[in-house]
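Engineer: Each number in my numbering corresponds to the 1-based position in the sequence shown with 394 added.
Here a beta-carbon is modelled for each residue, glycine too, at the ideal position from N, C-alpha and C.
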Amino acid sequence: MGEKKKPEVSERRRFFTLMAQNIGLGAMGGLLWAGYADKAKSSPLTLRPPAALNEEEFVKTCIKCGLCSEACFNRPQNRDKNGKQRPATLKMAKAGDDVMIGTPYFIPREVPCYMCDDIPCVPACPTDALDITKVTNKKGELDPKLIDMGLAVVDPNACIAFWGIQCDACYRACPLMDDAIKLEYAKNERTGKHAFLRPVVNMYSCTGCGLCEKACVTEKAAIFVLPREYALGRPGDHYVKGWDKKDEARIQNKVNEDVTTHDERSSKKPVDYLNQGLEDF
Ligand code: SF4
Ligand code: SF4
Ligand code: SF4
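1) Can you confirm whether the region 551-571 touches the region 483-495 when touching is taken to mean that 3 or more C-beta pairs between the two stretches lie within less than 8 angstroms?
2) Please state whether DSSP places Val611 in a helix, a strand or coil.
3) Taking only heavy atoms of ligand 2 into account, decide whether any of them is closer than 8 angstroms to the Cβ of Cys519.
4) Could you give the uninterrupted runs of the alpha helix (DSSP H) lying entirely in the region 451-477, keeping only those of 4 residues or more?
5) Go to Arg592, then tell me how far its beta strand (DSSP E) extends in each direction, as first and last residue.
6) Give the C-beta separation of Leu620 and Val547 to the nearest angstrom, bearing in mind that I take them to be a contact with Cβ-Cβ under 8 angstroms.
7) Measure from the alpha carbon of Ala567 to the alpha carbon of each residue in Asp522, Cys600, Lys485, Lys635, then state which is nearest.
8) Could you name each continuous beta strand (DSSP E) segment of 3 residues or more that falls completely within the region 528-607, going from the start of the chain to the end?
9) Decide if Gly423 is buried, meaning its Cβ has at least 16 other Cβ atoms within 10 Å, or exposed.
10) Which first and last residues belong to the alpha helix (DSSP H) in which Ala625 is found?
11) Whose C-beta lies closer than 8 angstroms to the C-beta of Ile513 among residues of the same chain, with five residues either side of it excluded?
12) Just to confirm, does Arg484 get its C-beta within under 8 angstroms of one of the non-hydrogen atoms of ligand 1?
13) Can you tell me which of the three DSSP states Ile366 falls into?
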């Protein structure tokens, strides 16, 4: 794991980057920006680089300098043994992409994040839009296991392992094999005879690197990375894990909401059914 250090991004280079950016923006004028006004907001499913601030803060803080993408492109592993350059994981959004123009993002099915030991994209950021503290462990070292770009989700209808066909490509591609993805035995309901193995993602360990998505054998990936807020549900403050002290604290925020389905079938609210039978205990 690499040491926590800011890169030596020269002030001069940064100055010219900013100048170029400002001149570029000015020269483009209102016409272009008006034309792409609908693209000014990113798709909510955009995957950002490691250690990015939350989306709202990120788009305010990122100055679109491209230094993270440049660091990603220049990492030594991005050349094959013949010295041929491979594409970088991080792309800078251009007009027509469904991402705020000029901001960095990645598409795992095209190029996943390789979770570099020294995470060079993060210290390259001059504004802390990529917050180095998020990927720094207690020893003060950069730790790729702390990367948190999203969460891999398996579509059980499309994953052939759920059909009973042997496949573990995603599991083998995962840099945190047996931690972020495990294979779990399940009974084959179709044959009633054989057990089969299916991939299960651990939400606490998955970094959202997308190596599994890239490796998936199905035509459209049956495992794919989503931003965490979209991959995970939110149970709300009504439901508390009584056995978890930290979770109990959430009850302080409990709001009484009227949950109704607005139909005539029942005078009860949906939540009333959740408590059905409790009076018998
Ligand atoms: S950690 Fe991922 S995004 Fe950052 S430089 Fe390495 S491959 Fe690129
Ligand atoms: S995105 Fe996939 S490959 Fe990457 S850590 Fe998560 S489960 Fe593993
Ligand atoms: S690689 Fe794709 S099809 Fe194969 S087990 Fe993983 S998610 Fe399923």
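Structural biologist: Reading it off the structure:
1) No: the two stretches stay apart, fewer than three of their Cβ pairs being nearer than 8 angstroms.
2) Residue numbering aside, residue 611 sits at position 217 when the sequence shown is read from its first letter. DSSP places Val611 in the coil class of the three-state scheme, outside both helix and strand.
3) Translated into the one-based positions of the sequence shown, residue 519 becomes position 125. No, the beta carbon of Cys519 sits no closer than 8 angstroms to any heavy atom of ligand 2.
4) Given a length threshold of 4 residues, each whole run of the alpha helix (DSSP H) inside the region 451-477 is given here in chain order: 461-467.
5) For the purposes of this step, residue 592 is identified with residue 198 of the sequence shown, where counting begins at 1. Its beta strand (DSSP E) spans residues 589-595.
6) The residue labelled residue 620 in the question sits at position 226 within the sequence shown. The residue labelled residue 547 in the question sits at position 153 within the sequence shown. Indeed they touch by this definition, with Cβ atoms about 6 angstroms apart.
7) Position 173 of the sequence shown holds residue 567. Out of Asp522, Cys600, Lys485, Lys635, Cys600 has the C-alpha closest to the C-alpha of Ala567.
8) Listed in chain order, the complete beta strand (DSSP E) runs (minimum 3 residues) inside the region 528-607 are 545-548, 575-581, 589-595.
9) Indexing the sequence shown from 1 puts residue 423 at position 29. With a pLDDT of 38 at Gly423, under the threshold of 50, the modelled position of that residue is not reliable, and the figure given next carries that caveat. Counting Cβ neighbours within 10 Å, Gly423 comes out exposed, since fewer than 16 surround it.
10) As a first step, residue 625 must be located in the sequence shown, where it is residue number 231. For Ala625, the uninterrupted alpha helix (DSSP H) segment begins and ends at 622-625.
11) Taking the sequence shown and counting its residues from 1, the one referred to as residue 513 is at position 119. Sequence-distant Cβ neighbours of Ile513 in its own chain, meaning closer than 8 angstroms and more than five residues away, are Gly396, Pro444, Ala445, Val529, Leu536, Pro538, Ile541.
12) Residue 484 sits at position 90 when you count from the first residue of the sequence shown. Note that residue 484 is Leu in the sequence shown, not Arg. Leu484: yes, Cβ under 8 angstroms from ligand 1.
13) Residue 366 cannot be examined here, being either before or after the span of the chain that is shown, 395 to 675.
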